[in-house]
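There are 4 protein chains.
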Amino acid sequence: MAIKQAIVAQALPLIKAGMVVGFGGGTTVGELVRQAANHVNDITVVTPSPTTRQLATVLGYTVISPAYCDRIDIAFDGCDQLDHHGNALKSGGGIHTAEKIIASLADEYWLLTVKDRLVDQFDPQTPLVLEVLPTAFALVMQTVSDLGGQATVRTAANRDGFTLSDQGNLLIDCHFPTYEHLSALNQELVATAGVVETSYFDRLVTNAILGDADHQQVTTLF
Amino acid sequence: MAIKQAIVAQALPLIKAGMVVGFGGGTTVGELVRQAANHVNDITVVTPSPTTRQLATVLGYTVISPAYCDRIDIAFDGCDQLDHHGNALKSGGGIHTAEKIIASLADEYWLLTVKDRLVDQFDPQTPLVLEVLPTAFALVMQTVSDLGGQATVRTAANRDGFTLSDQGNLLIDCHFPTYEHLSALNQELVATAGVVETSYFDRLVTNAILGDADHQQVTTLF
Amino acid sequence: MAIKQAIVAQALPLIKAGMVVGFGGGTTVGELVRQAANHVNDITVVTPSPTTRQLATVLGYTVISPAYCDRIDIAFDGCDQLDHHGNALKSGGGIHTAEKIIASLADEYWLLTVKDRLVDQFDPQTPLVLEVLPTAFALVMQTVSDLGGQATVRTAANRDGFTLSDQGNLLIDCHFPTYEHLSALNQELVATAGVVETSYFDRLVTNAILGDADHQQVTTLF
Amino acid sequence: MAIKQAIVAQALPLIKAGMVVGFGGGTTVGELVRQAANHVNDITVVTPSPTTRQLATVLGYTVISPAYCDRIDIAFDGCDQLDHHGNALKSGGGIHTAEKIIASLADEYWLLTVKDRLVDQFDPQTPLVLEVLPTAFALVMQTVSDLGGQATVRTAANRDGFTLSDQGNLLIDCHFPTYEHLSALNQELVATAGVVETSYFDRLVTNAILGDADHQQVTTLF
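Those protein sequence lines, which keep their order, are chains Z, C, A and P. Mind the numbering: the first sequence is residues 1020 to 1241 in my numbering, read in order. Mind the numbering: the second sequence is residues 1020 to 1241 in my numbering, read in order. Mind the numbering: the third sequence is residues 1020 to 1241 in my numbering, read in order. Mind the numbering: the fourth sequence is residues 1020 to 1241 in my numbering, read in order.
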């Protein structure tokens, strides 16, 4: 809890009046959104997260779509894992496509996370998530298997059918025995017909704020 | 368990070679699909349920889309509640829009369910579910409230955001104090901009097979 | 041309600082958007029209989605036909679903049009347009025919396939021999499974500004 | 006209009873679909083309979705341009995403076209078409421009707004001064967030039947 506050305290001064600011999902970014409401009041918000969108709307921010947004000054997000080269895996939330659009538009893309998530090599326990057009279901299941992975399509808990992304697509969790050649693997998956976007962020991260709960310390990376 | 088998045994002979057959969601219909595979092998299947679709595909049925299907000979489905006038509430599965399309195309629309679900008046504990275009979120929440109801949008358990229908729409569960004037209430909701379909089936049920687990009896209704 | 300017001149003072304003499609509303940019600069815009949206964005307006918009102070739109009871047919643009959502949210819904479009009874030459889920294609074609109408699905000029709405649905133009019982006809169509919205606006119009090019006069209706 | 018949005559014997066959769009493939109806009657059809789908349905074929189709024995399609390495540009129809899914699933992917479309190097007059998520509009327009191209979003002729793909996405035509490094260019575009699929088919073509109208000759390539 406390470490989140420290991370947020570090991020807050980066937000300046008049900026277009991207806020991703997760509780740390949520806390930043809440505190920013007291810190500056004339920013415009873009967000990939339906949860953050509702929060920002309630807090009175102007929320616009990235569709007509030519420039984002700074964007904040969480992640599952991050390496020292600015790569990240953002797998849980199922909104990685919109996150990547916003990361790509942003001048600075900051990850706010705990220090343990900074790794030398990505852990294959964290799945690579694919957003996939429904018509490509059979093709992608087969392709992942051919590439040595195990693919599981996310199934909805409170309806009959699959969990769908905001674009109406499937979310397929892929487990591979190793992430040693993740960049190449990712490229093959991206090139597969019907794969909209993977949850691997290839050198998109420009900065990070890492919290160390044990030592109550916050470090800035990059 | 046993009563489901008895319901399925009653339904099975209704399926004849060459028919286009609709199979909805749920375990009873699922069992019917499994047994039908041994009973007739040249039927064509349409289904509103992603789960049933996968099952039917694995069993080797030809599954077609209702989009180009001019006629369905017979369709089977489950329900939450059913009354004596052929009305039904089909709220849980979140696939009521596709179910209604298939029910409307079908010459005969049979509900397979347990006897307790046959009611004189619908129980307001079962929500009326609305499939709603995302852009109509604010309008529909407000309209339901104006009509005296409590609306809750379904939220996904395994992604950030809402549970979406196969058409990429929201599912909004509405609780009203009473269903006394359900048909009129339903009409007002259907007429609300952005409401795609409600889970109230207005005189669409042509037949029902009701199982009574206590007396191990199966009755046919209508 | 000149009459459009006169209509716009009448509409302009209705827009006040701080308002949430809906702007529909069409050239008259487009001209209003352009002039409003000089008239007030702190309004927030919602729009059903991709064309107007681009224009408003270029002009520097803040454009928000109706999804999280609880209230629209005033909305302006065009129409194909309008009667004396506040009913309208809005058929050409294919964006009637979003227009209806915005009309329903708006405290005042103003139509800006030429006087000839005010009719005693709607002319069946103007089609009733249905936005329809792709899976309901066969059902709706059949239903319209059963109701005595002729249905034609809009086909894209610059791709293989159908013209799709912003929600990815079909647009089906329906011609009926008469619109004598349009309200009842409309209700039957709305109740058809898979019909998202019709282009008939049932008593949604609160005001209108009508231009008479021959007499260079502008009248306010209602 | 005559040359199309000759192409079709060459393709017809490749279709054998019991096969799952992919049929793309265009008039040549359409003619093949028509003639195949007399040639074999127990094939199952998958198609990326709404036009071909309607035709195949009317002709009585069983049409299934590629979503649950593990294997396609053979697929036929047209193209805008084709080179000697099995690469193709398929830009006009706006259904290249579904075409690519089917091409990827197919054991054999045959292009049926006229000889002039076989080129040594692709002609930049034929645009590279991107299917793009609506939320990525600004990002992709900017990215294409950064890569030296000119991007134009397809606009609907018979509605207010953009031409949308069957997945509800934008179609963006890109003109580049040269296609000298098309494969690399294509990879950069595919890697752009929100680009679903490009119209460049990278070594997906396994065979081609080329008609030469001048010499009334048909050649098989590969």
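Built from N, CA and C at the ideal position, the CB exists for glycine as well.
Per DSSP, cross-strand counterpart(s) of residue i
i	result
I1093 of chain P	P:V1040 and P:E1127
I1228 of chain P	P:L1131 and P:T1239
Q1100 of chain Z	Z:L1108
V1148 of chain P	P:D1192
L1051 of chain P	In the DSSP output, where bridge partners are listed per residue, L1051 of chain P has none listed.
CB of residue i within 8 Å of CB of residue j, strictly
i	j	result
Q1098 of chain A	A1086 of chain A	Inspection of the sequence shows that residue 1098 of chain A is occupied by Cys rather than by Gln. Taking 8 Å as the Cβ cut-off, C1098 of chain A and A1086 of chain A do not qualify as a contacting pair.
V1242 of chain P	V1151 of chain P	This structure gives no information on residue 1242 of chain P, because the portion of chain P shown stretches from 1020 to 1241.
A1075 of chain C	A1125 of chain C	no
V1148 of chain C	S1110 of chain C	yes
V1077 of chain Z	T1066 of chain Z	no
Q1025 of chain A	I1062 of chain A	Going by the sequence as given, residue 1025 of chain A is Ala instead of Gln. Taking 8 Å as the Cβ cut-off, A1025 of chain A and I1062 of chain A do not qualify as a contacting pair.
P1043 of chain Z	S1068 of chain Z	Reading off the sequence shown, one finds Gly at residue 1043 of chain Z, where the question assumed Pro. Yes, the Cβ-Cβ distance between G1043 of chain Z and S1068 of chain Z is below 8 Å.
D1192 of chain C	T1171 of chain C	yes
G1113 of chain C	A1155 of chain C	no
I1120 of chain P	L1033 of chain Z	no
N1188 of chain A	P1153 of chain A	yes
R1072 of chain P	L1190 of chain A	no
G1105 of chain P	T1225 of chain P	yes
Within-8 Å CB hit, residue i to chain A
i	result
K1109 of chain C	no
A1170 of chain C	no
A1155 of chain C	yes
Q1161 of chain C	yes
T1116 of chain C	yes
Neighbour-count burial assignment, residue i, 16 or more Cβ in a 10 Å radius
i	result
P1196 of chain Z	exposed
D1139 of chain P	exposed
D1233 of chain C	exposed
Q1144 of chain P	exposed
A1241 of chain Z	According to the sequence provided, residue 1241 of chain Z is Phe. The question's Ala does not apply to it. Burial call: exposed.
H1115 of chain Z	buried
N1060 of chain P	exposed
Q1236 of chain P	exposed
A1176 of chain Z	exposed
T1217 of chain C	buried
S1164 of chain Z	exposed
E1050 of chain C	buried
T1070 of chain A	buried
T1182 of chain A	buried
D1089 of chain A	exposed
Backbone secondary structure at residue i - three-state DSSP
i	result
E1207 of chain Z	helix
G1170 of chain P	It is worth fixing the name first, because residue 1170 of chain P is Ala in this sequence and not Gly. Three-state result, A1170 of chain P: strand.
Y1080 of chain C	coil
A1157 of chain C	helix
D1233 of chain Z	coil
D1165 of chain A	helix
T1066 of chain Z	coil
V1214 of chain P	strand
H1058 of chain A	helix
I1191 of chain A	strand
Y1198 of chain C	coil
A1107 of chain A	strand
L1033 of chain C	helix
L1251 of chain Z	No answer is possible for residue 1251 of chain Z: it lies beyond the span of chain Z, which begins at 1020 and ends at 1241.
V1138 of chain A	coil
Min CB distance residue i to chain C below 8 Å
i	result
Y1087 of chain P	yes
G1105 of chain A	no
V986 of chain A	With chain A covering 1020 to 1241 only, the question about residue 986 of chain A has no answer from this structure.
Min CB distance residue i to chain Z below 8 Å
i	result
I1083 of chain A	yes
T1070 of chain A	no
T1076 of chain A	yes
K1023 of chain P	no
G1044 of chain C	yes
Chain B contact residues for residue i, given Cβ-Cβ distances below 9 Å
i	result
N1177 of chain P	Considering every chain present, this structure includes no chain B. Its protein chains are Z, C, A and P.
Minimum Cβ-Cβ distance from residue i to chain P less than 8 Å
i	result
D1185 of chain A	yes
E1216 of chain Z	yes
L1158 of chain Z	yes
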